[in-house]
Amino acid sequence: MNEEIGPEPPFRRHAHVNGPVNGPVDGPVDGPVNGPVNGPVDGSMSGETEFTPPPPRPGSVNGSPQEETGSARWSPRHDPQDGAGREKAERAARSLRAAARELVDVGVAIHEAAAHATAALTDGATLGALPRAPLAGCLAQRSLLRAVTNGKGLGYAPTGGRLGALAAKLGAMAGAESLAVRVLATSLRLRVAAVTLDHPELADDPMLSRLVEAAAADRDLEAVRALRALLRDRGAVRTLSGLAPVFGEVLALRALLDENPLNDAAAWLIATGKGYASADPIIGMSNRAVAVLDTGEGAARPVDLTAAEAARLGTQGSLLGFLRNISAVGTTGRALVQSVEGPDGVVRHVVQAPGMRTGRPDNDSPQDLLGAFSSAVLDSSPYSRALARAVEAYGPPPGAELALIGHSAGGAAIMNLAQDAEFCARYTVTHAVAVGSPVDFKRPADPRTWVASVTNQHDIIPTLDGQGAGNCFDLHPDWYVVDYFDSTHLFPLCHSIEHYIANIADDLPDARDRIDGRLTPYRGPVVRSQAYLLSDRAPRAEASAT
Amino acid sequence: MPAVPERIAVHAEVLRSDARALAECAERLRRIEADLEAGGAAPQWLRESVRAHLAACAAAATDLTEAATRMRGYAERAARP
Numbered sequence: 001m002n003e004e005i006g007p008e009p010p011f012r013r014h015a016h017v018n019g020p021v022n023g024p025v026d027g028p029v030d031g032p033v034n035g036p037v038n039g040p041v042d043g044s045m046s047g048e049t050e051f052t053p054p055p056p057r058p059g060s061v062n063g064s065p066q067e068e069t070g071s072a073r074w075s076p077r078h079d080p081q082d083g084a085g086r087e088k089a090e091r092a093a094r095s096l097r098a099a100a101r102e103l104v105d106v107g108v109a110i111h112e113a114a115a116h117a118t119a120a121l122t123d124g125a126t127l128g129a130l131p132r133a134p135l136a137g138c139l140a141q142r143s144l145l146r147a148v149t150n151g152k153g154l155g156y157a158p159t160g161g162r163l164g165a166l167a168a169k170l171g172a173m174a175g176a177e178s179l180a181v182r183v184l185a186t187s188l189r190l191r192v193a194a195v196t197l198d199h200p201e202l203a204d205d206p207m208l209s210r211l212v213e214a215a216a217a218d219r220d221l222e223a224v225r226a227l228r229a230l231l232r233d234r235g236a237v238r239t240l241s242g243l244a245p246v247f248g249e250v251l252a253l254r255a256l257l258d259e260n261p262l263n264d265a266a267a268w269l270i271a272t273g274k275g276y277a278s279a280d281p282i283i284g285m286s287n288r289a290v291a292v293l294d295t296g297e298g299a300a301r302p303v304d305l306t307a308a309e310a311a312r313l314g315t316q317g318s319l320l321g322f323l324r325n326i327s328a329v330g331t332t333g334r335a336l337v338q339s340v341e342g343p344d345g346v347v348r349h350v351v352q353a354p355g356m357r358t359g360r361p362d363n364d365s366p367q368d369l370l371g372a373f374s375s376a377v378l379d380s381s382p383y384s385r386a387l388a389r390a391v392e393a394y395g396p397p398p399g400a401e402l403a404l405i406g407h408s409a410g411g412a413a414i415m416n417l418a419q420d421a422e423f424c425a426r427y428t429v430t431h432a433v434a435v436g437s438p439v440d441f442k443r444p445a446d447p448r449t450w451v452a453s454v455t456n457q458h459d460i461i462p463t464l465d466g467q468g469a470g471n472c473f474d475l476h477p478d479w480y481v482v483d484y485f486d487s488t489h490l491f492p493l494c495h496s497i498e499h500y501i502a503n504i505a506d507d508l509p510d511a512r513d514r515i516d517g518r519l520t521p522y523r524g525p526v527v528r529s530q531a532y533l534l535s536d537r538a539p540r541a542e543a544s545a546t
Numbered sequence: 001m002p003a004v005p006e007r008i009a010v011h012a013e014v015l016r017s018d019a020r021a022l023a024e025c026a027e028r029l030r031r032i033e034a035d036l037e038a039g040g041a042a043p044q045w046l047r048e049s050v051r052a053h054l055a056a057c058a059a060a061a062t063d064l065t066e067a068a069t070r071m072r073g074y075a076e077r078a079a080r081p
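Respectively, the protein sequence lines represent chains P and S.
Residues in the first sequence are numbered consecutively from 1, following UniProt numbering.
Residues in the second sequence are numbered consecutively from 1, following UniProt numbering.
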């Protein structure tokens, strides 16, 4: 399915991976997006419309879960003369991703067989019966040992249980590989091949392709040399930017094939799409061990925006308006909560969460580097808990409808809030929109929460959970996922909220309209705005008073 | 059949089933490669990789069948009074 979008778009949708993304938009999308600021922004309750109890969820703003979901990939406009070639490349990329997905199933089946053989080999009953039938027992044990160590069969494949895990680690240190790992490596290479069709620069650039090939072929020395050459020639920023579309796959390939047993589990998770990479795929340091250093119950204190900041806030609810608000609030440790009166006269609330705060990696802000990391890795973090405190302080009545919008770490934090069952029991989280965020393995507590994720394929941050442009899994058939790229390949530029705003405003009109369509109940005049300064924990005096 | 031999026999059945699963894996690998080749999407390196995987799956299926047979025999011997 190939369609043009909009007049003379600089982008062209070229693949629908999980379903239609161009169905009818179920709401007005042509209202004012960002008008002059007139409404109150000082947090006063004056002028606030009386809340009405939320309607029953099935009739709420989410509509049918079948609408406005699916994934889409956009690529830059190709030469019009090259239409047939482009279509062929799109078909090939789809086939490669499907094949990569199926290879994962094959790899997992082989892994399970290895686990069963290991279980038989290490079962106490198998050993305990040896005195009753020593010859038959020894022959059986020998055949099992051969099955899980035969380099021409399952490979070096002990797995599962304490003994199996220990043997697997020792084998990894010795560079021994299993057949399951080799099949998964083939799957990852197919994912890289699929991405390369979208990003021909990966193949055209001899330095990048040398690194990718060396990683895929387990040629350590050459991979290191290629990386050094890239860093020397391009610098870290350009190297990371160039690699971004296949970052997860290259790291997972290296981790699967290297001699470090600590990163194998993370590589397995990336390769199979089963979960968030549990460790960094390079040295294998546990992500959770780092993330749990970010402690605090979360706190929020209302603060006034400066006049200049307040003047930048939108007066009408819209996707771009909310994202521009996030830009206005900035990465300053603050978040914004607004109330908008929808077309139906109901006042609803919008939580707007910016990305990481610059400064020391670990300060008293839940938006610091450690906070950004824990928000991405953990199900609950000081950032999401501080956002919950902000909402609590803002005071929407129980059951009030909320939309959560976040950029970068803010996107991970709002998804944590959406998967907080207690928070969702108190309020009705109707929408969660994450922009440039690693949220692939977040799950809203309420399945009716409509989720949208917008990511630039050259932005490394969304790939930190291990899934990026090469993702071949249908992780969220019920989400609206926009994974695109533009001519700006430079990270961190392509990660900035301003760059996302520009892309959504100018280059992704279809996606913008769809998300705005779903946000229709929030597309009315802003009747109240309040900023909050977030912190890991309440100030000591305040905490002791409560 | 006493509990321990029965447990060994269960392992034998699982191994036999896994041997069949490995044969199915080989079939899937063959089809994946054929589909990509037919669609003109197969990377140059794929044929060699799949060939190696196919050979390994076949060897692994043989190993598991052998292990299943040995485990079955072990279970029967261990069950004798």
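Yeah, the Cβ is synthetic: ideal placement off N, Cα and C, and Gly gets one too.
Counting only the same chain and skipping the five closest in sequence on each side, list residues whose C-beta sits under 6 Å from that of residue 547 of chain P.
Because chain P here runs from 1 to 546, residue 547 of chain P falls outside it and cannot be looked at.
Under 7 Å: does the beta carbon of P:A255 sit that close to some heavy atom of the ligand SAM?
You won't find the ligand SAM in this model; it holds no ligand whatsoever.
Run the CB neighbour count on P:S487, radius 10 Å, all protein chains shown included, and call it buried at 16 or more, exposed below.
Here residue 487 of chain P corresponds to residue number 487 of the first sequence, with the count starting at 1. Taking all protein chains shown into account, P:S487 has fewer than 16 neighbouring C-beta atoms within 10 Å of its C-beta and is therefore exposed.
Does DSSP put P:P302 in a helix, in a strand, or in coil?
In the first sequence, the residue the question calls residue 302 of chain P occupies position 302. P:P302 falls in the strand class under three-state DSSP.
Could you compute how far the alpha carbon of P:S408 sits from the alpha carbon of P:L144?
Position 408 of the first sequence holds residue 408 of chain P. Position 144 of the first sequence holds residue 144 of chain P. Roughly 49 Å separates the two Cα atoms.
Should P:A172 and P:L336 be called a contact, given that it needs their Cβ atoms to be closer than 8 Å?
Within the first sequence, the letter at position 172 stands for residue 172 of chain P. Within the first sequence, the letter at position 336 stands for residue 336 of chain P. Result no, Cβ atoms of P:A172 and P:L336 do not sit closer than 8 Å.
Would you decide whether P:D264 is buried or exposed? Buried here means 16 or more other CB atoms lie within 10 Å of its CB.
Residue mapping note: residue 264 of chain P aligns to position 264 of the first sequence, counting from 1. It counts as buried.
Of the residues P:A300, P:A376, P:R357, which one's Cα is nearest the Cα of P:V351?
Looking up residue 351 of chain P in the first sequence gives position 351. The shortest C-alpha separation from P:V351 is found at P:A300.
Give me, in chain order, the residues of the same chain whose beta-carbon lies closer than 6 Å to that of P:S380; leave out the 5 immediate sequence neighbours on both sides.
As a position in the first sequence, residue 380 of chain P is number 380, starting the count at 1. For P:S380, where only same-chain residues beyond five positions count, the Cβ hits under 6 Å are N416.
First through last residue of the beta strand (DSSP E) which encompasses P:Y532:
On the first sequence, residue 532 of chain P is found 532 positions in, with the first residue counted as 1. Secondary structure note for P:Y532: its beta strand (DSSP E) is the uninterrupted segment 526-535.
Output, in chain order, the set of chain P residues within a Cβ distance shorter than 9 Å of S:A23.
Looking up residue 23 of chain S in the second sequence gives position 23. None at all; the shortest Cβ gap to chain P is about 11 Å.
Go ahead and pull the three-state DSSP assignment for P:E392.
Taking the first sequence and counting its residues from 1, one reaches residue 392 of chain P at position 392. Helix.
Would you report the Cα separation of P:V347 and P:G164, rounded to the nearest angstrom?
Within the first sequence, numbered from 1, the residue matching residue 347 of chain P stands at position 347. Within the first sequence, numbered from 1, the residue matching residue 164 of chain P stands at position 164. Their backbone Cα atoms lie some 58 Å apart in a straight line.
Against chain P, with Cβ distances strictly below 8 Å, would S:E66 count as a contact?
As a first step, residue 66 of chain S must be located in the second sequence, where it is residue number 66. At least one chain P Cβ lies under 8 Å of S:E66.
Which two residues bound the contiguous beta strand (DSSP E) that contains P:G406?
For the purposes of this step, residue 406 of chain P is taken as residue 406 along the first sequence, with counting starting at 1. Looking at the DSSP string, the run of the beta strand (DSSP E) that includes P:G406 is 401-407.
Look at S:A41 and P:L96 and say whether their C-beta atoms are less than 8 Å apart.
On the second sequence, position 41 is the one that residue 41 of chain S refers to. On the first sequence, position 96 is the one that residue 96 of chain P refers to. Yes, the pair counts as a contact, with Cβ atoms nearer than the cut-off.
What are the partner residues of P:A353, as DSSP defines its beta bridges?
If you number the first sequence from 1, residue 353 of chain P lands on position 353. DSSP, once it has assigned bridges, lists P:G406 as partnering P:A353.
I'd like to know whether the C-beta atoms of P:L257 and P:A307 end up nearer to each other than 8 Å.
Sequence index remark: in the first sequence, residue 257 of chain P carries index 257 (1-based). Sequence index remark: in the first sequence, residue 307 of chain P carries index 307 (1-based). No, these two residues do not count as a Cβ contact at 8 Å.
Measuring only the C-alpha atoms, how far is residue 549 of chain P from S:T65?
Outside the modelled stretch of chain P, which goes from 1 to 546, sits residue 549 of chain P, for which no answer is possible.
Would you mind sorting P:G124 into buried or exposed? The rule is 16 or more other CB atoms within 10 Å of its CB.
Indexing the first sequence from 1 puts residue 124 of chain P at position 124. Exposed, since its Cβ has fewer than 16 Cβ neighbours within 10 Å.
Quick check: is the beta carbon of P:N150 nearer than 8 Å to any beta carbon in chain S?
Reading the first sequence from its first residue, position 150 is the one you call residue 150 of chain P. Judged by the 8 Å Cβ criterion, P:N150 is in contact with chain S.
In chain order, which alpha helix (DSSP H) runs of at least 4 residues are fully inside the stretch 167-238 of chain P?
179-198, 201-204, 206-216
Looking only at its own chain, which residues have a Cβ that is under 7 Å from the Cβ of P:D459, when we skip the five neighbours before and after it?
Locating residue 459 of chain P in the first sequence gives position 459, counting from the first residue. Answer for P:D459: A244, G436, F491, C494, H495, listed in chain order.
Taking only beta-carbon positions, decide if P:E422 is within less than 8 Å of chain S.
Taking the first sequence and counting its residues from 1, one reaches residue 422 of chain P at position 422. Answer no: the Cβ-Cβ gap between P:E422 and chain S never drops below 8 Å.
Mapping DSSP to helix, strand and coil, what is P:Y480?
Reading the first sequence from its first residue, position 480 is the one you call residue 480 of chain P. In the structure shown, P:Y480 sits in a strand (DSSP, three-state: E or B).
Anything in the stretch 35-65 of chain S with a Cβ closer than 9 Å to a Cβ of chain P? List those residues in chain order, please.
Cβ proximity to chain P below 9 Å picks out D35, L36, G39, G40, A41, A42, P43, W45, L46, S49, V50, A52, H53, A55, A56, C57, A58, A59, A60, A61, T62, D63, L64 from the stretch 35-65 of chain S.
Report the neighbours of P:R146 on chain S: residues whose CB is nearer than 9 Å to its CB, in chain order.
Within the first sequence, residue 146 of chain P is the residue found at index 146, counting from 1. Residues of chain S passing the Cβ test: D63, E66, A67.
Test: P:R162 CB closer than 8 Å to a CB of chain S:
Within the first sequence, the letter at position 162 stands for residue 162 of chain P. So no, P:R162 is outside the interface.
Report the CB separation of P:V237 from P:V212 in whole angstroms; it is logged as a contact under 8 Å.
Numbered from its first residue, the first sequence carries residue 237 of chain P at position 237. Numbered from its first residue, the first sequence carries residue 212 of chain P at position 212. No, P:V237 and P:V212 are not in contact; Cβ-Cβ is about 19 Å, not under 8 Å.
Rounding to the nearest angstrom, what Cα-Cα distance links P:G406 and S:A21 in this structure?
In the first sequence, counting from the first residue as 1, residue 406 of chain P sits at position 406. In the second sequence, counting from the first residue as 1, residue 21 of chain S sits at position 21. The alpha-carbon separation between P:G406 and S:A21 amounts to approximately 45 Å.
Around the Cβ of P:L166, are there at least 16 other Cβ atoms within 10 angstroms (buried) or fewer (exposed)?
On the first sequence, position 166 is the one that residue 166 of chain P refers to. Per the 10 Å Cβ criterion, exposed.
What is the rounded straight-line gap between the Cα of P:E102 and the Cα of P:L188?
Indexing the first sequence from 1 puts residue 102 of chain P at position 102. Indexing the first sequence from 1 puts residue 188 of chain P at position 188. Cα to Cα, the separation comes out at about 11 Å.
If P:P525 sits next to P:Q316, beta carbons under 8 Å apart, how far is it from one beta carbon to the other, in whole angstroms?
Along the first sequence, read from residue 1 onward, the residue named residue 525 of chain P stands at position 525. Along the first sequence, read from residue 1 onward, the residue named residue 316 of chain P stands at position 316. The beta-carbon separation of P:P525 and P:Q316, rounded to 6 Å, stays under the 8 Å limit for a contact.
Is the separation between the beta-carbon of residue 552 of chain P and that of P:G333 shorter than 8 Å?
Outside the displayed span of chain P (1 to 546) sits residue 552 of chain P, for which this structure offers no information.
Whose Cβ in chain S lies nearer than 7 Å to the Cβ of P:A125?
Residue 125 of chain P sits at position 125 when you count from the first residue of the first sequence. Neighbours of P:A125 on chain S, chain order: V4, R7, I8.
Please classify P:C138: is it buried, with 16 or more other beta-carbons within 10 angstroms of its beta-carbon, or exposed?
Your numbering for residue 138 of chain P matches position 138 in the first sequence. Exposed.
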